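Per our numbering, residue 99 is the first one in the sequence shown, and the count goes up by one each step.
Just so it is clear, CB atoms sit at the ideal spot from N, CA and C, and this is done for glycine as well.
Here the structure is a predicted model, which is why all the values come from computation and not from measurement.
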Amino acid sequence: MHKTALVTGASSGIGLATARALHAAGYTVYGTSRNPDAGNPEYEGIRYLPLELTDPGSIERLAAMLPPLDVLVNNAGSSQMGAIEETPSEKILELYETLLFGNIRLIQRVLPGMRARGRGWIVNVSSLAELMPVPCSAVYASAKAALHMLGTGLRQELRPFGIRVVTVAPSFIKTSIVQERLHCDNSPYSDMIQSAGRIRDAEIASGSPPEAVAEKIVKIVGMKNPSSFYPAGKKATLLAIASKWLPERLREWAVRKRFRLR
Ligand SMILES: NC(=O)c1ccc[n+]([C@@H]2O[C@H](COP(=O)([O-])OP(=O)(O)OC[C@H]3O[C@@H](n4cnc5c(N)ncnc54)[C@H](OP(=O)(O)O)[C@@H]3O)[C@@H](O)[C@H]2O)c1
99 MHKTALVTGA SSGIGLATAR ALHAAGYTVY GTSRNPDAGN PEYEGIRYLP LELTDPGSIE
159 RLAAMLPPLD VLVNNAGSSQ MGAIEETPSE KILELYETLL FGNIRLIQRV LPGMRARGRG
219 WIVNVSSLAE LMPVPCSAVY ASAKAALHML GTGLRQELRP FGIRVVTVAP SFIKTSIVQE
279 RLHCDNSPYS DMIQSAGRIR DAEIASGSPP EAVAEKIVKI VGMKNPSSFY PAGKKATLLA
339 IASKWLPERL REWAVRKRFR LR
């Protein structure tokens, strides 16, 4: 049976690798970018459409252009690093619009088609940061944790309609993901943000290739009985187990030690 997939944020990194892998697996693939070259350009067999997740109108326009989907991969995203005390509320809202509210709106728009056909997959790309937040990235981690919990709830709601919902949580992956650093002049958090930022950048530079996540997603959407949560990338399973079973003090100590915090 011929299948169609939409991958958000398919211009680079995990999204591009996933779009390529789904195309290689025989899917007709639509990918999104905020700046597709023009109209509906095709690149490596992927059909690009415009999407700005912080703009509800853009989500509506995308939905109107889409054919019925078998798979939706909610992948697009960016990141921030800053202390909560100093992060302007507009910046918090912007990241939540990108990582959570935009995904909810898109899910709402594709569900009627999936329900009518009695099948579909929603794959939400979260992050292992939702289990073990990098210091000064609480907004990012909380949006990803909310996306995971949304999926956990949605899964039960959609099961009777034949629609599967899965969360994929990558560890550090070698991409050029944008991370906005937010801090004030003379901030008491500056040293912490700079030190944690340096280590986070080094982890990403030596992270797994995005294809590791893409391969996992392609495998998942071929499963009969998928679990609700899949870690992906180097040490991801180990970290997910550690975050669940290590005593909290030990877990927090390990994060402080890794990010050289007091
Ligand atoms: N890299 C990691 O270590 C890592 C780890 C865990 C989770 N993740 C998650 O994996 C996902 C993909 O990230 P990546 O590392 O592959 O980064 P990336 O290469 O920068 O890809 C991000 C994609 O999201 C799109 N995007 C960004 N902001 C958007 C917005 N406001 N509206 C619509 N599209 C937007 C970008 O498209 P355009 O710029 O073309 O619009 C780009 O295609 C993200 O959700 C990220 O949080 C990454």
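Pairwise C-beta distances place the segment 302 to 319 out of contact with the segment 230 to 238, as fewer than three of them are shorter than 8 angstroms. Selection P134, Y141, A227 and V171 evaluated against M179 yields A227 as nearest (Cα-Cα). Look at S177 here: in three-state DSSP terms it is strand. Taking 3 residues as the shortest admissible run, the segment 138 to 175 contains the following complete beta strand (DSSP E) segments, listed from N- to C-terminal end: 144 to 148 and 169 to 172. Here G175 is not near L147, since their CB atoms are 9 angstroms or more apart. Not one heavy atom of ligand 1 is found less than 8 angstroms from the C-beta of E140.
Look at S304: its beta carbon is at least 8 angstroms from all of the heavy atoms in ligand 1. In terms of Cβ geometry, R159 and G218 do not form a close pair [threshold 9 angstroms]. A direct Cα-Cα distance of roughly 12 angstroms separates N173 from L149. The distance from the Cβ of P165 to that of R203 is about 19 angstroms, inconsistent with a contact at the 8 angstroms cut-off. Every alpha helix (DSSP H) of 4 residues or more that sits fully in the segment 176 to 260 is shown, in chain order, as 187 to 194, 200 to 215 and 236 to 256.
Its chain contains V263 as the residues whose beta carbon lies nearer than 7 angstroms to that of L256, once the 5 sequence neighbours on both sides are disregarded; these appear in chain order. At a threshold of 8 angstroms, V221 does not count as near ligand 1, since its beta carbon sits no closer than that to any of the ligand's heavy atoms. The three-state secondary structure of S306, taken from DSSP, is strand.
Exposed is the label assigned to M247, since fewer than 16 other Cβ atoms lie within 10 Å of its Cβ. The Cβ-Cβ distance between K314 and Y328 falls below 9 angstroms. The alpha-carbon separation between T116 and S225 amounts to approximately 16 angstroms.
As the crow flies, the alpha-carbon of I271 is around 34 angstroms from that of F259.
Between the alpha carbons of W351 and Q206 lies a gap of roughly 40 angstroms.
Residue pairing for P329: DSSP places it in a beta bridge opposite A267.
Judged by DSSP secondary structure, V353 falls within the alpha helix (DSSP H) whose first and last residues are E346 to R356. In this structure, L193 and Y238 form a Cβ contact; the two beta carbons are roughly 6 angstroms apart against a cut-off of 8 angstroms. In the same chain as R253, and ignoring 5 residues on each side of it, the C-beta atoms closer than 7 angstroms to its own belong to V263 and S326, in chain order. Residue side-chain check: G113 places its Cβ nearer than 8 angstroms to a non-hydrogen atom of ligand 1.
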